[in-house]
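Student: The sequence shown: position 54 = 54 (the UniProt record's numbering), numbered continuously.
Cβ atoms here follow ideal geometry from the backbone N, Cα and C, with glycine treated the same way.
Source: prediction; values computed, not measured.
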Amino acid sequence: MEISALKKIGQRIRDLRKQKGLSQEQLAEKAGFHFSYIGGVERAEKNITLVNLLKIADALDVQIMDLFMYTKYQQSALNEKDELLNQIFQTLVSLKKRDLRKVQIMLDEFFEK
Numbered sequence: 001m002e003i004s005a006l007k008k009i010g011q012r013i014r015d016l017r018k019q020k021g022l023s024q025e026q027l028a029e030k031a032g033f034h035f036s037y038i039g040g041v042e043r044a045e046k047n048i049t050l051v052n053l054l055k056i057a058d059a060l061d062v063q064i065m066d067l068f069m070y071t072k073y074q075q076s077a078l079n080e081k082d083e084l085l086n087q088i089f090q091t092l093v094s095l096k097k098r099d100l101r102k103v104q105i106m107l108d109e110f111f112e113k
């Protein structure tokens with residue numbers, strides 16, 4: 001059975017929240033919600049709006065598109081190269097713009113572009 005989009009996004013929000021070391025209460029306060037709302041979103045009990053997704057993304061200090069990067073919850077037959085690329089992508093997505101520029105410079109120098 002296919003996991004619903006709400007469940008995938010809720011799990012992604014939970015994962016990002018935990019990566020940032022935030023409780024539901026702390027995330028709720030930063031985003032301007034009650035902690036029970038965050039719990040409901042994470043459990044896919046709330047049909048979250050785009051406006052509220054933006055607030056949560058801002059509170060987590062991530063781009064809204066990062067909330068849709070839940071590929072690890074999709075079951076698919078990825079080859080080893082695809083799995084490695086997904087891991088690299090997940091790492092890069094979490095970086096700030098200035099750090100991404102450093103990575104770009106390093107890659108350019110390493111591969112002599």
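1. Can you check which of these residues, Leu-67, Arg-17, Phe-111, is closest to Gly-39 by C-alpha distance?
2. Look up Thr-91 in the DSSP assignment and say whether it is helix, strand or coil.
3. Could you tell me whether the Cβ atoms of Leu-67 and Ile-13 are closer together than 8 Å?
4. Going by beta carbon distance, what residues of the same chain come within less than 8 Å of Ala-77, once the five residues before and after it are set aside?
5. Quick check: what's the CA-CA separation for Glu-109 versus Lys-96?
6. Could you tell me how far apart the beta carbons of Ala-44 and Leu-6 are, in whole angstroms, since I believe they sit closer than 8 Å?
7. Starting from Gln-11, trace the alpha helix (DSSP H) both ways and give me its first and last residue.
8. Whole-angstrom Cβ separation of residue 145 and Met-69, contact assumed at under 8 Å?
9. Contact defined as beta carbons within less than 8 Å: I believe Phe-35 pairs with Glu-42. What is the distance between those atoms, to the nearest angstrom?
Tutor: Taking the definition as stated:
1. Arg-17
2. helix
3. yes
4. Low confidence applies to Ala-77: its pLDDT is 48, below 50, so where it sits in the model is not reliable, and the reading given next is rough at best. Closer than 8 Å at Cβ, skipping near neighbours: no residue.
5. 20 Å
6. 4 Å
7. 5-19
8. Look at the range of the chain in this structure, 1 to 113, and you will see that residue 145 is not part of it.
9. With a Cβ gap of about 11 Å, Phe-35 and Glu-42 do not count as contacting.
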